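A.B. asks: Let me begin by handing over the structure; questions about it come next.
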Amino acid sequence: MIKFSRNRNIGIIVLLLLFGCGKKEKEVVLIERDGVTYEQGAQKPYSGKMSSKYNNGNMKTEGEYKDGLPVGTWKFWDRDGTEYTGAVSKYVFHEIQSGETLKSIANNFEVDVDQLYELNEDIDNDTGDKIKAGQVIGVKTADDADGQFLFWYDKQRIKIKSHKVFINGKRNGKWTFWNENGNIVRTGSYAAGKRDGSYAYYFNDGSKKEEGAWKNDQRDGLWVKYSNNGNTQKEGTYSNGKKDGVWTTWNDKGLMASKYLYENNKVIDKWVFKYQFYSNGNEKTLKSTRNNKLDGEQTIWHQNGQMKSIGNYTTGKENGDFQEWYENGQMQSTVNYLNGNMDGAYSEWFDNGQIRQQGSYVDNEFYLTTRWNNEGGILIKDGNGKWVGKNAEGRKLWAKEYQDGRLISDWEYKYEYFDNGQIKKESSFQGGQEDGESTIFFENGKTREEGTWKEGEYLITNRWNKNGNQIIKDGQGKISGKNKEG
Numbered sequence: 355m356i357k358f359s360r361n362r363n364i365g366i367i368v369l370l371l372l373f374g375c376g377k378k379e380k381e382v383v384l385i386e387r388d389g390v391t392y393e394q395g396a397q398k399p400y401s402g403k404m405s406s407k408y409n410n411g412n413m414k415t416e417g418e419y420k421d422g423l424p425v426g427t428w429k430f431w432d433r434d435g436t437e438y439t440g441a442v443s444k445y446v447f448h449e450i451q452s453g454e455t456l457k458s459i460a461n462n463f464e465v466d467v468d469q470l471y472e473l474n475e476d477i478d479n480d481t482g483d484k485i486k487a488g489q490v491i492g493v494k495t496a497d498d499a500d501g502q503f504l505f506w507y508d509k510q511r512i513k514i515k516s517h518k519v520f521i522n523g524k525r526n527g528k529w530t531f532w533n534e535n536g537n538i539v540r541t542g543s544y545a546a547g548k549r550d551g552s553y554a555y556y557f558n559d560g561s562k563k564e565e566g567a568w569k570n571d572q573r574d575g576l577w578v579k580y581s582n583n584g585n586t587q588k589e590g591t592y593s594n595g596k597k598d599g600v601w602t603t604w605n606d607k608g609l610m611a612s613k614y615l616y617e618n619n620k621v622i623d624k625w626v627f628k629y630q631f632y633s634n635g636n637e638k639t640l641k642s643t644r645n646n647k648l649d650g651e652q653t654i655w656h657q658n659g660q661m662k663s664i665g666n667y668t669t670g671k672e673n674g675d676f677q678e679w680y681e682n683g684q685m686q687s688t689v690n691y692l693n694g695n696m697d698g699a700y701s702e703w704f705d706n707g708q709i710r711q712q713g714s715y716v717d718n719e720f721y722l723t724t725r726w727n728n729e730g731g732i733l734i735k736d737g738n739g740k741w742v743g744k745n746a747e748g749r750k751l752w753a754k755e756y757q758d759g760r761l762i763s764d765w766e767y768k769y770e771y772f773d774n775g776q777i778k779k780e781s782s783f784q785g786g787q788e789d790g791e792s793t794i795f796f797e798n799g800k801t802r803e804e805g806t807w808k809e810g811e812y813l814i815t816n817r818w819n820k821n822g823n824q825i826i827k828d829g830q831g832k833i834s835g836k837n838k839e840g
């Protein structure tokens, strides 16, 4: 028998009565006096069937009263049409009055507060007495009957609270809990009174918040936590109730944010993933760190979303293949690293897809094999030769010379100009100092002098006067200077 404890004498229940097969339904008003239900205006406790429906006309609850008390098996349908059945006589219930606390209720019924938490899983022991006036709670067990039971937020049995199963007086099977809006907030499985099997928690709107499994009353195996938008927020494994193995978190954009390696509930390793974004929202960089050192894949993107580069680090050093791409998606280069040093084959392409150069790194030093121009013409073959880079006007910008694959000379060309725009001097530099060929011009554009810098010393090769007559050839000749008077 269901039992109620209340201070008020009268409650009003508006319910839909079912009068049997073929008979019409009619809506009546039921009132409650001292825990017993009456049809309004009647002196005799109500006996008969009742039901309620959702706004769309679908069935919500169905049950029966006898002598003013709920009896037999009641039914509840959630919004998806799933049916739950159960008796309603497991607990003694109490409707909370204004100003009451769990402690005062426990004192009145001579029970422990812990028992109230145990019987009412919707009351959170961690956050305190989250109760309110009008809330119906179980205060103690009315009988030890087994089977399925339905529990409600209200005495009218309109707002479902939970569906529970007991075997041999202990929790068993799947239990389901709803909030007052009718959305599922938790489902869980029990065996012999202990949490065992699948478990899930839900946000107030009914979307899934967390799911996993329990074993022998401890979290076990994979657990996954979700954000409000449905993206995975965190996942990892438990062993005997303790975190064990890799745990991964994701940010609000659904991008991986961190990884933690647990052993016996203690963090023994940690990876953090940091992102930068362009103003258009596209990803710009992804840095992976382990114990504050670069570790794992490091990625950079172009603003159009095309990947720019990717490579792997191990404890702060480059390790493995590194690749680069142009903004048009064409491969730019590939190279391998070993413990922070470039090692092995290297290839590079122009943005039109034409191979540019191939070679290899040994102990972080580059050895060139073949060099092409952007049209496929070979500039250096078998690691020997010299090629010159020029601007649109055909002027040299740099020159590189290789011997047996090694770069032995690397020049940069600089220019000085007359006021009329004509070149005054063309010089080559290595390491910030003049080195190699040097040419000096007259203001009319004719060559004045050719020479070479070597180890800080300048040697004249050829020299001409303004009239174009050569006065020094191959470093041999004589120069005489005169003043205005001759």
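Here the working numbering runs 354 ahead of the position in the sequence shown, where the first position is 1. Built from N, CA and C at the ideal position, the CB exists for glycine as well. Remember, predicted model here, so these are calculated numbers, not experimental data.
1) Three or more C-beta pairs under 8 Å: does that hold for the region 417-429 against the region 446-453?
2) Output the boundary residues of the alpha helix (DSSP H) element that contains residue 460.
3) Pull up the distance between the alpha-carbon of residue 827 and that of residue 807, whole angstroms please.
4) How is the beta strand (DSSP E) around residue 722 delimited, first residue to last?
5) Round the Cβ separation of residue 601 and residue 590 to the nearest angstrom and send it over; I've been treating them as touching at under 8 Å.
6) On the criterion of 16 or more Cβ atoms from any shown chain inside 10 Å, does residue 492 qualify as buried, or is it exposed?
7) May I ask you to verify whether the region 658-675 touches the region 688-695, counting CB pairs closer than 8 Å and requiring at least 3?
8) Under 6 Å Cβ to Cβ from residue 628, same chain only, skipping five residues before and after it: list those, please.
9) Quick one: residues in its chain with C-beta nearer than 6 Å to the C-beta of residue 541, no 5 flanking neighbours on either side, listed in chain order?
10) Rounded to the nearest angstrom, what separates residue 375 and residue 385 at their Cα positions?
11) With distances taken Cα to Cα, identify the nearest neighbour of residue 717 among 705, 694, 728 and 710.
12) Do you know how far the Cα of residue 792 is from the Cα of residue 746?
13) Among 577, 660 and 388, which has the Cα closest to the Cα of residue 597?
14) Taking the alpha carbon of residue 506 as the reference point, which residue from 520, 473 and 521 has its own alpha carbon closest?
15) Taking the C-alpha atoms as reference points, what is the distance between residue 439 and residue 498?
16) Going by DSSP, what residues sit across from residue 501 in a beta bridge?
17) Is the distance from the Cβ of residue 552 to the Cβ of residue 567 below 9 Å?
18) Mind checking who residue 554 pairs with in its DSSP beta bridge?
19) Around the C-beta of residue 441, are 16 or more other C-beta atoms found within 10 angstroms, so that it is buried, or is it exposed?
20) DSSP three-state label for residue 609, please.
21) Of the residues 765, 707 and 724, which one's Cα is nearest the Cα of residue 744?
C.D. replies: For this structure:
1) Touching, no.
2) Looking at the DSSP string, the run of the alpha helix (DSSP H) that includes residue 460 is 456-463.
3) Looking at the two C-alpha atoms, the distance is approximately 17 Å.
4) From DSSP, the beta strand (DSSP E) with residue 722 extends over 719-726.
5) About 3 Å separates the two Cβ atoms, so the contact holds.
6) Buried is the call here.
7) Under the three-pair Cβ rule at 8 Å, the region 658-675 counts as touching the region 688-695.
8) Cβ-Cβ distances below 6 Å link residue 628 to 641 in the same chain, with the five nearest sequence neighbours on each side left out; the list follows chain order.
9) Closer than 6 Å at the Cβ level, and outside the excluded window around residue 541, lie 530 and 554.
10) Low per-residue confidence applies at residue 375: pLDDT is 45, beneath 50, and the placement is therefore not dependable, though the value from the model is reported in the following sentence. One C-alpha to the other measures close to 25 Å.
11) Among 705, 694, 728 and 710, the Cα nearest to that of residue 717 is on 694.
12) Take the alpha-carbon of residue 746 and the one of residue 792: they are about 21 Å apart.
13) Ranking the options by Cα distance to residue 597, first place goes to 577.
14) The residue with the shortest Cα to Cα distance from residue 506 is 473.
15) The alpha-carbon atoms of residue 439 and residue 498 are separated by roughly 18 Å.
16) Its beta-bridge partners are 520.
17) Against a cut-off of 9 Å, the Cβ pair of residue 567 and residue 552 comes out as a contact.
18) For residue 554, which the question treats as bridged, DSSP gives the partners 541 and 565.
19) Residue 441 should be labelled buried.
20) Reduced to three states, the DSSP call for residue 609 is coil.
21) The alpha carbon of residue 744 has as its nearest neighbour, out of 765, 707 and 724, the alpha carbon of 765.
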